[in-house]
Amino acid sequence: MKVIKPSFQIITPIDSDQILKTIEAVGRTCYKSEDKITDDSCKSFVSGIIKRGHEAVIEHYNITVRLINDRGVSHEEVRHRIASYAQESTRYCNYSKDKFGNEITYIDLKGGMELDPKMKSLDAEAVASIYNEWLMACSDAERHYNRMIELGASPQIARSVLNNSTKTEICITMNMREWRHFFKIRTPIAAHPQMREIAAMLLNEFKARIPVIFDDIECEVE
Ligand SMILES: Cc1cc2nc3c(=O)[nH]c(=O)nc-3n(C[C@H](O)[C@H](O)[C@H](O)COP(=O)(O)OP(=O)(O)OC[C@H]3O[C@@H](n4cnc5c(N)ncnc54)[C@H](O)[C@@H]3O)c2cc1C
6 MKVIKPSFQI
16 ITPIDSDQIL
26 KTIEAVGRTC
36 YKSEDKITDD
46 SCKSFVSGII
56 KRGHEAVIEH
66 YNITVRLIND
76 RGVSHEEVRH
86 RIASYAQEST
96 RYCNYSKDKF
106 GNEITYIDLK
116 GGMELDPKMK
126 SLDAEAVASI
136 YNEWLMACSD
146 AERHYNRMIE
156 LGASPQIARS
166 VLNNSTKTEI
176 CITMNMREWR
186 HFFKIRTPIA
196 AHPQMREIAA
206 MLLNEFKARI
216 PVIFDDIECE
226 VE
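Numbered according to this note's numbering, the sequence shown spans residues 6 to 227.
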């Protein structure tokens, strides 16, 4: 088995100027204030739109990302209804094949354990024992999966022994308003630690690469 860290790729090419200018062009239709467009008017216009809560305007720009996280987190991601998804299928992917290295890939639980409030109160020995139990459960699941395939099961039947830590890839397209909503509810301490882990990584990247739109969203992940 293989254990990897969660990660992401932003699939949509990011031209921050283009994003803000598109939103400005759309939004100024409401006020017929296109005459006020200048080279750098888009930042203050979009910032004002967001401050006033006129967020329907920012629905006019979509961003697609590929998230690589575990299946438990992906169950939460797909609860967001104003989005489109394409996810790696455990029905069609046969992880016992060479192209998957004949092994199951798991998303490391360490990042989530470090962000979990209760785990923080445990001593190092207890944390190591819990992590070890998890490793053993993953290894057992892989063994049973491979054995079921060997015995003739299809991947869609053998997948029933795979756990929530199984790595998945999921492409998600959301408009900017929905991404804002996603980050607002998926980065606070109340969210699942592994969801917070990946959501915070992505929010920080969005903040770095797309000015204005995500500036007011605080990332609570320490
Ligand atoms: C901390 C946390 C704990 C959670 N715990 C659970 C749990 O125990 N069990 C569980 O089942 N789920 C749980 N969820 C998932 C949660 O109930 C939502 O399904 C998920 O967060 C999607 O968010 P959403 O419904 O706000 O928005 P989205 O589906 O992303 O939609 C965005 C917004 O559009 C609007 N909208 C969308 N659809 C409708 C509609 N039909 N009617 C009216 N307005 C709509 C709403 O304003 C909504 O906020 C939890 C989520 C969080 C963040």
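Using N, Cα and C, we set each Cβ at its ideal position, and we do this for glycine too.
Since we're looking at a predicted model, the values are computed, not measured.
Quick one: measure Cβ to Cβ for residue i and residue j, integer angstroms, because I've assumed they're closer than 8 Å.
| i | j | result |
| --- | --- | --- |
| Leu82 | Leu72 | Reading off the sequence shown, one finds Glu at residue 82, where the question assumed Leu. The pair is a contact, with the Cβ atoms about 7 Å apart (cut-off 8 Å). |
| Gln14 | Val78 | Not a contact, Cβ separation roughly 16 Å. |
| Phe182 | Glu64 | The question names Phe, but residue 182 is Arg in the sequence shown. Right, their Cβ atoms sit about 5 Å apart. |
| Pro198 | Leu120 | 4 Å |
| Ala204 | Arg185 | The Cβ separation is near 12 Å, so there is no contact. |
| Ile16 | Cys224 | Rounded, the Cβ-Cβ distance is 22 Å, inconsistent with contact. |
| Tyr6 | Tyr111 | Here residue 6 is Met; the residue named in the question, Tyr, does not match the sequence. 6 Å between Cβ atoms; contact. |
| Ser52 | Val217 | 5 Å |
| Pro160 | Arg96 | 6 Å |
| Thr75 | Thr178 | Residue identity check: residue 75 is Asp in the sequence provided, not Thr. That belief does not hold up - the Cβ atoms of Asp75 and Thr178 are roughly 21 Å apart, past 8 Å. |
State the start and end residues of the unbroken beta strand (DSSP E) segment that holds residue i.
| i | result |
| --- | --- |
| Lys7 | Lys7 to Ile9 |
| Ala91 | Ser89 to Gln92 |
| Lys172 | Lys172 to Asn180 |
| Ile203 | Per DSSP, Ile203 belongs to no beta strand (DSSP E); it is in the alpha helix (DSSP H), Pro198 to Arg214. |
| Ser230 | No information on residue 230 is available, as it lies outside the stretch 6 to 227 that the chain covers here. |
Which stretch, first to last residue, makes up the alpha helix (DSSP H) that contains residue i?
| i | result |
| --- | --- |
| Leu2 | Because the chain here runs from 6 to 227, residue 2 falls outside it and cannot be looked at. |
| Ile135 | Ala129 to Glu155 |
| Ile219 | In the sequence as displayed, the identity of residue 219 is Phe instead of Ile. No alpha helix (DSSP H) contains Phe219, which DSSP labels as neither H nor E. |
| Pro160 | Pro160 to Ala163 |
| Ser38 | Neither: Ser38 is in no alpha helix (DSSP H) and is coded neither H nor E. |
Say yes only if the C-beta of residue i is nearer than 7 Å to one or more non-hydrogen atoms of ligand 1, and no if none qualify.
| i | result |
| --- | --- |
| Ile203 | no |
| Ile87 | yes |
| Ala196 | yes |
| His186 | yes |
| Arg191 | yes |
| Glu93 | no |
Measure from the C-beta of residue i to each C-beta in chain B and report whether the shortest distance is under 8 Å.
| i | result |
| --- | --- |
| Glu147 | Of the protein chains in the structure, only one exists, and it is not chain B. |
Can you tell me which of the options puts its alpha carbon nearest to the alpha carbon of residue i?
| i | options | result |
| --- | --- | --- |
| Asp113 | Ser144, Ser21, Pro122 and Ile24 | Ser144 |
| Arg214 | Asp20, Thr171, Lys56 and Asp103 | Asp20 |
| Lys102 | Asn137, Ser89, Gly117 and Tyr150 | Tyr150 |
| Ile109 | Ala163, Leu208 and Asn67 | Ala163 |
Quick check on the DSSP output: what are the complete beta strand (DSSP E) runs of length 3 or more inside the stretch 95-127, in order along the chain? Given a length threshold of 3 residues, each whole run of the beta strand (DSSP E) inside the stretch 95-127 is given here in chain order: 110-112.
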